[in-house]
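Heads up, the thing below is written out as structure tokens.
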DNA sequence: AGACGTCGTTCAGTATATAGAACGACGACG
DNA sequence: CGTCGTCGTTCTATATACTGAACGACGTCT
């Protein structure tokens, strides 16, 4: 998953602290010292001290026996504060509400981080189905309309540097060839929005558009619809809502 | 805000790392090195190294100039994973949905952490008003129905150890005297649930009940209603839903 | 039951992060 | 236009965290 690394001197304990937190985040549930040790590779004793410290601080919790570790409550507060402090999320609120009202479908605002997109805000469809999407969730950029819309604001060369040659498939429809994806990005630039045809979740089609308040774009909005419910008229309405939302967001984020 | 501290040898950089993250979480927006230095008190150079490290890792972000710091995207993932991995949250899902359907009001599931409660899950009322409550938000235990319901599962002595003598008021109705609060806790134990009469937010009354799958209880559920919309019949219905929910949750969390 | 294996915990030498001061860049002010 | 003050950054002795091995407790296998 690694983002930027390799800079000069780093504070070792700080690196390990966040790596540990990310480890526990990536594998929910409780883990023994030994199993953590095997995964992260630090010496047992170093890991032990670090875990003790983080437990004292409430960022990691232990079970009743004190020998199995899991992510703690304190981590929750910090994570969600990223959303609170973000000016784009704040500025997007009315637009997302409006998109939700207009389309009656599930709306997402997401940000590109490395090769993943991160959900920043959602508006759930009020339909019978409660889709399981959550703020903070990460998905591969190449399999989502949000990610593809954002990648399309990069040059082909930048995309080649960012993504590996073959991409991990999530469904049978996921593009696994980087060059084929790049070809699709050209189409996306042409038409102004991206489509995910069950490339991420079977039965779900998503329409995404980048909000180009900076170049390359960082944030995008999308609308997800079960294919079963999709008609040509509905699709056109969604596309209109998408362009409308982009214009509104561009206006709202002008001064950022 | 401090929770447990004062244990023996702790890894200094790890402590500082999370303290820094909590600082940025507590004060959204961008901060200069000097202003952070003043708040946390670490030597400039130590702080500088730490910040550089965390920026490299994506947990802290800088603006374009690279001199102002704010919380980063990576923090988001870890925080929300606490919710994902929690068995109680998972087990509570259907019960919360049912409470939401039954009452048509805003439902909360929260956990006690020190003297605060932390929202773990919410079901928003579908009414015109979209109340601003968010998973991860912390509120003082003494001013919420959730917190009081949880505190009532502690002994008076434990409560005295936990809370200061005078409590911070949030509205004109907040109890500020610890002993008065303890007296109220006795009533809560008697009737089985807690009420917040605009002690936290003006115009909002909340009914909370602890889920005693362990002692003292850790989690509670609540139902928040604008006073303007509250009738005697509605209130009775909410209380019934509350007891019903507690029983369901107790059943669902039996094996934890 | 006995011995073994695994796991969490402690200990002491060494590598490393820390802290205070000095440096250089920028902007404010006279 | 020069001086001063502030802020971010670099430098180096010293305090400290890291490591690998040894210890002790628990559960398991034969």
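Protein chains in written order, with UniProt numbering: chain Y, 1 to 256; chain S, 1 to 256.
Cβ atoms here follow ideal geometry from the backbone N, Cα and C, with glycine treated the same way.
1. So what's residue 125 of chain Y in DSSP terms, helix, strand or just coil?
2. Using a Cβ cut-off of 7 Å, pull out every chain Y residue sitting near residue 201 of chain S, in sequence order please.
3. Which residue or residues does DSSP assign as beta-bridge partners of residue 56 of chain Y?
4. Since I believe residue 106 of chain S is in contact with residue 122 of chain S (beta carbons under 8 Å), could you give me their beta-carbon distance rounded to a whole number of angstroms?
5. Considering only the beta carbon of each residue, do residue 185 of chain Y and residue 151 of chain Y sit closer than 8 Å?
6. Starting from residue 219 of chain S, trace the beta strand (DSSP E) in both directions and tell me its first and last residue.
7. What's the gap between the Cα of residue 100 of chain S and the Cα of residue 220 of chain S?
8. Please decide whether residue 41 of chain Y counts as near chain S, where near means a Cβ-Cβ distance under 8 Å.
9. Measure the C-alpha to C-alpha separation of residue 104 of chain S and residue 230 of chain S and round it to an integer number of angstroms.
10. If I measure Cβ to Cβ from residue 168 of chain Y and keep anything under 7 Å in the same chain, skipping five residues before and after, which residues do I get?
11. Quick check on the DSSP output: the alpha helix (DSSP H) that includes residue 173 of chain S runs from which residue to which?
12. For a quick check, are the C-beta atoms of residue 272 of chain Y and residue 76 of chain S less than 8 Å apart?
13. Give the C-beta separation of residue 182 of chain S and residue 156 of chain S to the nearest angstrom, bearing in mind that I take them to be a contact with Cβ-Cβ under 8 Å.
14. What does the alpha-carbon distance come out to for the pair residue 171 of chain Y and residue 59 of chain S?
15. Mapping the DSSP letters down to three states, classify residue 4 of chain Y as helix, strand or coil.
16. By DSSP's criteria, residue 254 of chain S is part of a beta bridge. Which residues make up the other side?
17. Confirm, please, whether the CB-CB distance from residue 115 of chain S to residue 208 of chain S is below 8 Å.
18. If we ignore side chains and look at the alpha-carbon of each, how far apart do residue 196 of chain Y and residue 62 of chain S end up?
19. Using a C-beta cutoff of 8 Å, does residue 105 of chain Y count as contacting chain S?
20. Kindly list the residues whose CB is nearer than 6 Å to the CB of residue 154 of chain Y, restricted to its own chain and excluding five residues on each side of it in sequence; keep chain order.
21. Given residue 206 of chain S, which residues of its chain have a CB within under 6 Å of its CB, disregarding the five upstream and five downstream residues?
22. Mind listing, in chain order, the continuous beta strand (DSSP E) runs of no fewer than 3 residues lying wholly within the stretch 24-73 of chain Y?
23. Here's the rule I'm using: 16 or more other beta-carbon atoms within 10 Å means buried, otherwise exposed. How should residue 227 of chain S be labelled?
24. Against chain S, does residue 184 of chain Y count as a neighbour if the rule is that its beta carbon must be under 8 Å from one of theirs?
25. Taking Cβ positions only, does residue 79 of chain S come closer than 8 Å to chain Y?
26. When you compare the CB of residue 4 of chain Y with every CB in chain S, is at least one pair closer than 8 Å?
27. Find out if the Cβ-Cβ distance for the pair residue 218 of chain Y, residue 93 of chain Y is shorter than 8 Å.
28. Residue 88 of chain S touches chain Y at which residues, Cβ-Cβ below 8 Å?
29. Using DSSP with H/G/I as helix, E/B as strand and the rest coil, what is residue 150 of chain Y?
30. Hey, how far is the Cα of residue 81 of chain S from the Cα of residue 47 of chain Y?
31. Where residue 242 of chain S and residue 235 of chain S are concerned, what is the direct C-alpha to C-alpha distance, given to the nearest angstrom?
32. Among Y:253, Y:176 and Y:142, which has the Cα closest to the Cα of residue 113 of chain Y?
33. Can you give me the C-alpha to C-alpha distance between residue 15 of chain Y and residue 53 of chain S, rounded to a whole angstrom?
34. Drop a sphere of 10 angstroms on the beta-carbon of residue 148 of chain Y, count the other beta-carbons inside from all chains shown, and report buried for 16 or more, exposed for fewer.
35. Any Cβ of chain S within less than 8 Å of the Cβ of residue 101 of chain Y?
36. Let's test the definition: count the other Cβ atoms within 10 Å of the Cβ of residue 13 of chain S and tell me whether it reaches 16, buried, or not, exposed.
From the atom records:
1. coil
2. The contacting residues do not exist; residue 201 of chain S stays about 18 Å from chain Y at best.
3. Answer is none; residue 56 of chain Y lacks a bridge partner.
4. 7 Å
5. yes
6. 219-226
7. 15 Å
8. no
9. 12 Å
10. 140
11. No alpha helix (DSSP H) holds residue 173 of chain S; DSSP gives it neither H nor E.
12. This structure gives no information on residue 272 of chain Y, because the portion of chain Y shown stretches from 1 to 256.
13. 5 Å
14. 31 Å
15. A caution first: residue 4 of chain Y carries a pLDDT of 38, below 50, which makes its placement in the model unreliable, though a value can still be read off. Reduced to three states, the DSSP call for residue 4 of chain Y is coil.
16. According to DSSP, which records beta bridges pairwise, residue 254 of chain S is partnered with nothing at all.
17. no
18. 32 Å
19. no
20. 216
21. 145, 196, 222 and 224
22. 60-62 and 68-71
23. exposed
24. no
25. yes
26. With a pLDDT of only 38 at residue 4 of chain Y, under 50, the local geometry of the prediction cannot be trusted, and the value read off the model is given with reservation. It does; some Cβ of chain S falls within 8 Å.
27. no
28. In chain order: nothing, as chain Y lies at least about 12 Å away.
29. helix
30. 21 Å
31. 10 Å
32. Y:142
33. 7 Å
34. buried
35. no
36. buried
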